[in-house]
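Colleague: Residue numbers (our numbering), protein chains in the order written: chain A, 2 to 365; chain B, 2 to 365; chain C, 412 to 812; chain D, 412 to 812.
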Amino acid sequence: MSILHDEAQTLIGTEARRVLEAHTRREVLLGLLEAGGAYDRGVWQAAIEQGWTAIAVPELYGGLGLGLIEEGIVAQAMGRAPAGVPFLTGGDGIIAALAASLHADLQARWLPGLASGQIIGAVTLTTGPAPLPGRPEVRFRDGVLSGTAQAVVGGAHADIALLWVVDEHGPALAFAELAGVRREAVASFDNSRGHAHLHFAETPGVLLAEGQDAFTLARTILARAAVLTAHEQLGGAEELLAIGRDYALTRKAFGQPIGAFQSVKHRLAELYVLIEIARANCIHAAARAGHSDFIRAAAAARLSATEAYDTAARDVVQIHGGIGVTWETGLHLHMRRARSLAIEQGNMLFWEDLLAKELTGTGA
Amino acid sequence: MSILHDEAQTLIGTEARRVLEAHTRREVLLGLLEAGGAYDRGVWQAAIEQGWTAIAVPELYGGLGLGLIEEGIVAQAMGRAPAGVPFLTGGDGIIAALAASLHADLQARWLPGLASGQIIGAVTLTTGPAPLPGRPEVRFRDGVLSGTAQAVVGGAHADIALLWVVDEHGPALAFAELAGVRREAVASFDNSRGHAHLHFAETPGVLLAEGQDAFTLARTILARAAVLTAHEQLGGAEELLAIGRDYALTRKAFGQPIGAFQSVKHRLAELYVLIEIARANCIHAAARAGHSDFIRAAAAARLSATEAYDTAARDVVQIHGGIGVTWETGLHLHMRRARSLAIEQGNMLFWEDLLAKELTGTGA
Amino acid sequence: MSALDGWRKEARAWLASVAPRFGKAARHRLDEAADLALGRAYLAARYDAGFAGIHWPVEVGGRGLSPLHKLVFEAEELPFAMPSGYFGVSLGMPVPVLIRFASDRAWARERAIAALRGEEIWCQLFSEPAGGSDLAGLRTRAEFGDGGWRLNGQKLWTTWAQHADYGVIVARSDPALPKHKGLTYFWLDMRSPGVTVRPIRLADGTHHVNEVFFDEVLVPDSQRLSPVDGGFGVAMATLMIERYAGGDSAGFGPPLELFIETARGCIVNDRPALEDGRVRAAIARAYAARAGLDAIQQRAMRMMAEGMEPGPEGSLGKLVAVRSRQRLSELALDLMGSAGLAWHLDATTRDDWAKSWLDAPTGRIAGGADEMLLNTIAERILGLPQDHRPDKGVPFNQIPA
Amino acid sequence: MSALDGWRKEARAWLASVAPRFGKAARHRLDEAADLALGRAYLAARYDAGFAGIHWPVEVGGRGLSPLHKLVFEAEELPFAMPSGYFGVSLGMPVPVLIRFASDRAWARERAIAALRGEEIWCQLFSEPAGGSDLAGLRTRAEFGDGGWRLNGQKLWTTWAQHADYGVIVARSDPALPKHKGLTYFWLDMRSPGVTVRPIRLADGTHHVNEVFFDEVLVPDSQRLSPVDGGFGVAMATLMIERYAGGDSAGFGPPLELFIETARGCIVNDRPALEDGRVRAAIARAYAARAGLDAIQQRAMRMMAEGMEPGPEGSLGKLVAVRSRQRLSELALDLMGSAGLAWHLDATTRDDWAKSWLDAPTGRIAGGADEMLLNTIAERILGLPQDHRPDKGVPFNQIPA
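1. C/D687 touches chain D at which residues, Cβ-Cβ below 7 Å?
2. Using a Cβ-Cβ cutoff of 9 Å, what residues of the segment 786 to 807 of chain C are near chain B? List them in chain order.
3. Let me check you understand the geometry: is the CB of B/A131 closer than 7 Å to at least one non-hydrogen atom of the ligand FAD?
4. Look at the alpha carbon of C/F462 and the alpha carbon of C/G434, and state the distance between them as a whole number of angstroms.
5. Just the Cα atoms here: how many angstroms apart are B/S3 and B/M79?
6. Would you say D/G473 lies against chain A (beta-carbon separation less than 8 Å)?
7. How is D/W598 classed by DSSP in three states: helix, strand or coil?
8. When you compare only the Cα positions, how much space is there between A/N348 and A/L356?
9. Inspect the beta-carbon positions of C/L795 and C/W768 and report whether they are closer than 8 Å.
10. Please report whether the beta-carbon of A/Q263 lies at a distance below 8 Å from any beta-carbon of chain B.
11. By the three-class DSSP mapping on this structure, what secondary structure does A/I120 have?
12. Would you call the segment 628 to 646 of chain D and the segment 481 to 490 of chain D in contact, with 3 or more CB pairs under 8 Å?
13. List in chain order: all unbroken alpha helix (DSSP H) runs of 4+ residues lying wholly within the segment 738 to 777 of chain C.
14. Under 7 Å between beta-carbons, which chain B residues line up against C/E720? List them in chain order, please.
15. Do we get a CB-CB distance below 8 Å when we pair D/W425 with the residues of chain C?
16. Flag B/D311 as yes if its beta-carbon sits less than 8 Å from any beta-carbon of chain D, otherwise no.
17. What did DSSP end up calling B/S341 once you bin it into helix, strand or coil?
18. 8 Å is my cut-off, CB to CB: does C/A693 come that close to chain D?
19. Using 8 Å as the threshold, is the C-beta distance between C/F537 and C/A414 below it?
20. Indicate the three-state DSSP secondary structure (helix, strand or coil) for B/Q257 in the structure shown.
21. Helix, strand or coil: how does DSSP classify B/I4 here?
22. For the putative contact between C/T595 and C/D640, defined by C-beta atoms under 8 Å, what is the C-beta separation to the nearest angstrom?
23. Determine the extent of the alpha helix (DSSP H) in which B/W328 is found, giving its start and end residues.
24. Evaluate C/P468 with the Cβ neighbour count: other Cβ atoms within 10 Å of its Cβ, from every protein chain shown; 16 or more gives buried, anything less gives exposed.
25. Using a Cβ distance threshold of 8 Å, determine whether the segment 547 to 559 of chain C contacts the segment 610 to 620 of chain C, with at least three qualifying pairs required.
26. Based on the DSSP output, what are the partners of B/W352 in its beta bridges?
27. Below 8 Å on the Cβ atoms is my guess for D/R457 versus D/L449; work out the distance and round it to an integer in Å.
28. Which residue wins for smallest C-alpha separation from B/R225, given the options B/W45, B/W352 and B/R19?
29. Contact criterion: CB-CB distance below 8 Å. Does C/L746 meet it with respect to chain B?
30. Can you tell me whether C/W518 is buried or exposed? The criterion is at least 16 other CB atoms within 10 Å of its CB, across all chains shown.
31. Terminal residues of the continuous alpha helix (DSSP H) containing B/I96?
32. Figure out for me which residue from A/Q319, A/A254 and A/E345 has the closest Cα to the Cα of C/D798.
33. Put D/N621 into one of helix, strand or coil per three-state DSSP.
34. So B/L64 packs on B/L112, CB below 8 Å; how close in whole Å?
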């Protein structure tokens with residue numbers, strides 16, 4: 002149980018923050034909001050150069066053979082930026098799914114490209130009206146896929162996808178190349194996420210897991226995504242706290258810094274508390290991958306990080322007053338990201354229920 | 002729709018507060034906490050002399066022929082005290098049930114005594130694990146009752162009861178004299194409420210309503226109880242706000258009144274907000290008795306008043322620091338009452354669901 | 412109540428009759444200029460139909476009816492989504508102040524009617540970069556000299572200044588006095604030389620607030636609406652009007668019915684969302700809060716109708732309603748799952764959760780931030796001490812920036 | 412982790428072996444005197460078994476193991492409900508301070524061992540009527556003269572003073588200095604002439620805190636634990652020990668498992684309560700908060716074990732845990748319906764929701780009120796400005812009462 006980062010891990014974090022600070026420009030992020038289906042190519046290039054795409058890929062396939070802890074550290078820095086690229090979480094899901102599958106051919110075909118960043122992967126476990134539905138909207142029959150996966154994160158740009166589908170026996174996990182798939186970009190309040198509907202029509206696909214195996218693997222992959230997303234949320238919340246604190250020290254009202262008023266002090270202190278709880282849960286969850294308590298650790302991280310980022314978005318904007326709601330100041334970049342991340346990997350109600358099921362043995 | 006009290010109503014409120022202030026002594030209330038199954042006889046005598054027991058009884062039977070508005074005004078003053086007598090709400094329920102029944106004999110037999118306060122009534126709609134259960138614990142068969150009604154408010158002292166029972170066809174409303182019933186007083190954290198288990202064993206009873214009629218009447222009576230209890234909660238919350246405000250003005254820390262610190266100011270201001278919303282909902286609901294929107298108005302009053310009193314109990318104790326948690330200071334009298342009132346007329350989840358059902362047409 | 416019921420029916424009938432010309436469908440995909448023109452036409456029609464200035468005195472062109480009549484009309488008007496938003500500030504604050512404080516009554520009547528008919532628009536120039544919550548900390552200077560007052564400085568967050576013909580403004584006439592004391596209140600022509608309006612874009616991408624710059628703008632002394640150095644009281648009266656005018660228990664977001672409809676289409680853990688306890692609690696709580704706010708407002712209106720002073724609880728509406736709307740909007744988006752990610756350009760804060768959510772922080776700041784409202788309740792209603800304010804009683808020009 | 416696992420097994424085995432003599436069943440219906448006597452016997456047995464002073468230095472009678480070892484033992488000990496509560500303050504704050512600040516090391520070792528064995532009990536005399544949160548505002552006087560210091564005044568909220576043999580105390584040695592500066596820290600014999608202990612009853616009816624009066628109590632200068640007028644620093648060190656010692660993610664209330672078991676027996680609208688979204692949310696949220704606090708504490712322990720300074724986030728446990736416990740206890744009572752009204756005299760805050768709920772406000776005040784903890788986080792961790800404090804730097808005897 003590695004709950005203290007070692008030197009190498011600490012260095013990854015410091016580097017990631019440095020690189021992302023150097024490559025992130027607010028004007029670019031604001032521009033992305035109005036450019037449907039675009040993302041921050043500069044940051045993606047940096048991510049590739051830094052080897053972030055390779056972290057979880059086995060060394061055999063050109064990866065670094067590291068794991069969720071290191072990916073989480075990078076995700077936290079991405080959340081802080083907040084970066085305009087949505088691919089690392091989906092990439093982790095596909096890497097994990099391929100690694101867990103027995104398809105050595107698929108591994109050899111795709112893992113090197115995922116590691117090098119040449120290939121972008123997406124995952125559709127939480128698309129549509131509810132996460133991991135009992136009746137997925139994409140059908141798999143006779144080796145081909147049909148139906149629509151809705152508002153897939155990174156779907157506008159992905160080369161391959163891991164899909165939650167239904168076959169003759171029920172829900173299953175499938176893999177597909179997206180080259181021939183019709184993509185319909187979704188105009189979103191957080192456009193750089195590359196949300197797109199993927200319309201499958203007799204698209205060739207490969208079944209990775211069926212039945213209980215599919216459920217178990219899907220939950221594990223979703224839990225990994227939740228942990229990574231929680232790290233992003235944590236990073237975003239931290240950044241907002243830092244912004245709010247600085248503003249509270251410099252902005253004056255009634256003859257003193259607004260940070261001297263208890264309403265502002267206590268709001269920021271409460272936010273600090275939420276962030277530290279989220280941080281502790283994130284660090285813990287990343288270290289529990291592969292253990293029997295991983296799902297509950299992931300759920301705890303996800304719930305506390307969502308609460309921290311949501312609260313940060315509400316409260317730090319509020320502390321800023323009017324300046325907080327202008328386009329140019331850009332706090333809304335975090336506000337938008339807080340909401341898209343809250344939605345993308347399954348909403349709070351889903352995670353509350355999943356955790357409650359783990360703890361009580363009772364379903365809803 | 003009388004949402005402004007008229008002169009007579011305003012006078013009832015002023016008088017009720019005056020009388021209750023004159024008759025309420027903190028030492029007596031503290032003593033009641035340790036005397037299982039006792040109540041504040043002085044206040045009950047005053048209530049009888051003031052005619053509060055007669056408010057809702059038709060004039061024909063020696064009552065005042067007034068309604069929920071006037072009862073609510075008195076309940077609010079009772080909550081403020083907080084009075085050590087739990088009988089008015091149960092009395093209203095029995096009066097309403099008898100008035101709605103076609104049993105002129107029961108009306109003539111009991112309403113005059115209820116009006117004069119010689120007879121104490123209790124209601125068992127919310128006893129047991131959940132309010133208005135589909136399978137009540139007391140059975141009615143061949144004119145007699147058996148089984149236990151759990152922790153009935155005022156049950157230790159009541160002469161008659163309105164009962165939620167099950168007969169051959171399902172849940173029903175029954176009436177019974179309690180003279181021969183074994184009572185088992187419940188040691189409670191709010192002992193003056195006279196909580197007692199009522200053990201029925203072949204006790205004679207009268208059926209008042211069956212089937213859908215029983216449900217409809219029970220809901221109406223429960224809604225009346227909710228409105229009266231909401232008024233009590235409102236009164237308690239108001240009193241706590243007044244206590245908290247006074248303390249914040251007089252207690253000093255760090256060289257100034259603690260009321261100058263925003264954490265204290267904003268806590269009290271938020272409490273004021275909750276109280277005014279509860280007050281508006283209470284006044285509105287009391288005026289809607291008999292209308293088709295009564296249930297939803299009652300639920301809104303109940304929900305907002307419970308939130309106001311709970312918050313007041315938490316926050317005003319907190320503002321007081323150590324002195325707030327001593328036995329002698331007696332803030333815990335309100336804290337205990339906040340919890341007993343929150344439980345007695347159906348918990349928050351019940352009222353949320355009832356209101357949601359009204360608004361959405363969908364059951365849980 | 413029957414008189415009011417009759418009024419309600421009348422209003423509904425008229426609104427339904429003009430809805431095809433002015434309502435949501437007619438406004439679909441209009442650009443702002445066309446929508447504003449339609450709005451002006453709507454206001455003229457509304458005036459002619461007798462539904463304008465409902466509770467204003469007849470002497471200034473109003474109908475002289477009760478505030479309840481106004482409330483009823485507005486409740487009926489809301490669902491039609493008429494293009495009346497451009498005139499909300501104008502008719503809500505500056506013109507009522509004019510009616511109350513302008514000494515030239517005939518001129519005030521002329522302005523009032525023009526504003527009611529949508530021919531003229533007024534804006535309110537209060538906030539500044541250095542002081543949002545701290546209104547009295549404003550720095551725009553008004554210096555008296557030849558021909559009147561000369562204004563120099565900058566205002567911020569001025570709603571619809573880009574369309575305004577006139578504005579009301581508070582400026583610092585004597586910086587040697589403590590900050591609340593050296594302020595004077597004027598009206599001015601927004602086309603005066605030296606006035607520059609620059610739009611500000613908000614988080615949701617819209618452009619309805621502005622920066623306004625004043626460079627040697629001449630304002631004759633006849634346009635003064637307060638005593639010299641006595642403008643703070645008039646400004647506070649304006650804000651009070653604003654606070655009461657701001658009554659909407661939905662917090663200017665979608666009605667609760669829309670939340671219920673949204674939830675009806677959603678799934679929580681393979682069951683209908685409306686069966687989920689958390690969703691049910693959110694609905695019940697929002698209803699209880701809104702019902703309370705509605706009851707407070709109705710009671711206030713009724714008291715006003717009976718010549719009584721309404722209680723101070725009238726001021727808490729925005730505080731409760733906008734926070735509640737913010738949370739409800741977040742929950743709606745969460746429930747919608749990936750469908751909640753979509754952004755509809757044409758949507759409004761009244762009919763779309765994403766729009767309502769993204770705009771909610773503006774609502775929590777505009778017209779008094781939450782924290783200021785809580786302070787006001789604590790100090791004015793509960794009588795608690797004022798916060799420590801180091802600038803209290805200090806000459807304005809000696810307060811460190 | 413295997414060393415710790417071994418330690419955990421050892422602890423569990425020993426605890427199970429003595430549970431019949433000291434555990435919950437053995438304590439059933441004992442009066443306080445008998446329970447305290449049992450507690451002393453338990454502490455002696457615990458010391459002899461090597462589970463006392465686990466992370467204290469060997470030189471003062473401790474085991475010299477890591478804080479993690481202590482944490483593990485406490486987690487194992489908790490479910491047995493051993494009679495160790497009387498010694499919690501004693502071993503938590505005063506004795507560690509003594510170990511750290513007493514100059515007579517042999518004597519300190521003697522006291523430490525006696526305290527570990529339950530033979531002696533120490534109390535902490537800090538709070539006063541005039542200042543709960545404002546520790547430095549205390550008024551108890553210490554005047555130096557013949558034979559040492561003379562103490563006069565009154566302390567409040569002193570836990571278990573009625574059983575204490577010794578106490579540590581902060582008193583005002585120079586009222587002409589600003590309030591933080593004129594304080595001195597001593598230890599004293601609670602049986603000294605002039606010391607009077609009077610119990611205070613709390614809201615839940617229990618008697619574990621006291622008023623303590625000092626009337627010309629003589630304390631030799633050798634019992635001084637701080638420089639003259641330099642006691643505030645030592646007092647703050649004590650409070651820091653208290654804040655870290657106070658780690659319990661259940662907020663000293665029942666474990667989450669009990670909530671789940673309680674809910675398992677409840678019905679919400681004719682369905683099992685555990686299927687209700689609100690109940691599920693409460694369970695999930697409480698778990699997330701507690702898991703976070705546990706992870707923070709484990710990380711801190713691990714850092715300490717590796718010789719690093721743990722982060723400041725260690726101080727937020729009580730703030731989160733007790734508030735969470737308060738809400739969870741309320742919800743548990745609500746869910747139980749009329750069964751929730753019952754009051755069990757024998758119950759504890761660890762195993763009964765009514766008891767936990769009624770005692771929760773004490774938890775939110777003792778050892779630093781929520782508001783003080785938030786201020787500390789804001790000022791010490793986030794570097795935000797201190798509140799306005801009119802008494803800052805003013806000689807204590809010139810601050811208006």
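Glycine included, C-beta positions come from ideal geometry on N, C-alpha and C.
Modeller: With the structure as the only source:
1. On the third sequence, position 276 is the one that residue 687 of chain C refers to. In chain order: G688.
2. N786, T787, I788, A789, E790, I792, L793, G794, L795, P796, Q797, D798 and H799
3. With respect to the ligand FAD, the structure offers nothing, as it holds no ligand at all.
4. Translated into the one-based positions of the third sequence, residue 462 of chain C becomes position 51. Translated into the one-based positions of the third sequence, residue 434 of chain C becomes position 23. Using only the alpha carbons, I get a separation of about 16 Å.
5. On the second sequence, position 2 is the one that residue 3 of chain B refers to. On the second sequence, position 78 is the one that residue 79 of chain B refers to. Bear in mind that the predicted position of B/S3 carries a pLDDT of just 49, short of 50, making it unreliable; the figure below should be weighed with that in mind. Their Cα atoms are separated by approximately 22 Å.
6. Here residue 473 of chain D is taken as the residue at index 62 of the fourth sequence, counted from 1. It does not; no Cβ of chain A falls within 8 Å.
7. Here residue 598 of chain D is taken as the residue at index 187 of the fourth sequence, counted from 1. Of the three classes helix, strand and coil, the one that applies to D/W598 here is strand, per DSSP.
8. What you label residue 348 of chain A is simply residue 347 of the first sequence in a count that begins at 1. What you label residue 356 of chain A is simply residue 355 of the first sequence in a count that begins at 1. Roughly 13 Å between the two C-alpha positions.
9. Position 384 of the third sequence holds residue 795 of chain C. Position 357 of the third sequence holds residue 768 of chain C. No.
10. Within the first sequence, numbered from 1, the residue matching residue 263 of chain A stands at position 262. Answer yes: the Cβ-Cβ gap between A/Q263 and chain B drops below 8 Å somewhere.
11. As a first step, residue 120 of chain A must be located in the first sequence, where it is residue number 119. A/I120: coil per DSSP, three-state reduction.
12. no
13. 764 to 776
14. Working through the third sequence from its first residue, we reach residue 720 of chain C at position 309. Under the 7 Å cutoff, chain B gives no residues; its nearest Cβ is about 13 Å from C/E720.
15. By 1-based counting over the fourth sequence, the position of residue 425 of chain D is 14. With 8 Å as the cut-off, D/W425 does not count as an interface residue toward chain C.
16. Working through the second sequence from its first residue, we reach residue 311 of chain B at position 310. Closer than 8 Å: yes.
17. By one-based count along the second sequence, residue 341 of chain B stands at place 340. Here B/S341 sits in helix by DSSP.
18. Residue 693 of chain C sits at position 282 when you count from the first residue of the third sequence. With 8 Å as the cut-off, C/A693 does not count as an interface residue toward chain D.
19. Translated into positions along the third sequence, residue 537 of chain C becomes position 126. Translated into positions along the third sequence, residue 414 of chain C becomes position 3. No, the pair does not count as a contact, with Cβ atoms beyond the cut-off.
20. By one-based count along the second sequence, residue 257 of chain B stands at place 256. Strand.
21. For this step, residue 4 of chain B is matched to residue 3 along the second sequence. It is coil, neither helix nor strand.
22. Position 184 of the third sequence, counting from 1, holds the residue named residue 595 of chain C. Position 229 of the third sequence, counting from 1, holds the residue named residue 640 of chain C. Contact holds; Cβ gap of about 6 Å.
23. Mapped onto the second sequence, residue 328 of chain B falls at position 327. That residue, B/W328, is in no alpha helix (DSSP H); it is neither H nor E in DSSP.
24. Translated into positions along the third sequence, residue 468 of chain C becomes position 57. It counts as exposed.
25. no
26. For the purposes of this step, residue 352 of chain B is taken as residue 351 along the second sequence, with counting starting at 1. For B/W352, which the question treats as bridged, DSSP gives no partner whatsoever.
27. Here residue 457 of chain D corresponds to residue number 46 of the fourth sequence, with the count starting at 1. Here residue 449 of chain D corresponds to residue number 38 of the fourth sequence, with the count starting at 1. About 12 Å; that fails the 8 Å criterion.
28. Your numbering for residue 225 of chain B matches position 224 in the second sequence. Of the listed residues, the one whose Cα sits closest to B/R225 is B/W352.
29. As a first step, residue 746 of chain C is located in the third sequence; it is residue number 335 there, counting from the start. False, the Cβ-Cβ gap to chain B never drops below 8 Å.
30. Here residue 518 of chain C corresponds to residue number 107 of the third sequence, with the count starting at 1. Its Cβ having fewer than 16 others within 10 Å, C/W518 is exposed.
31. Start at 1 with the first residue of the second sequence, and residue 96 of chain B comes out as number 95. That run of the alpha helix (DSSP H) goes L89 to A101.
32. To locate residue 798 of chain C, count along the third sequence from 1; it is residue 387. If we check each option's Cα against that of C/D798, A/A254 comes out closest.
33. Numbered from 1 along the fourth sequence, position 210 holds the residue referred to as residue 621 of chain D. Three-state DSSP puts D/N621 in a strand.
34. Your numbering for residue 64 of chain B matches position 63 in the second sequence. Your numbering for residue 112 of chain B matches position 111 in the second sequence. Note on identity: in this sequence residue 64 of chain B is Gly, with Leu being the wrong assignment. That pair is a contact at about 7 Å.
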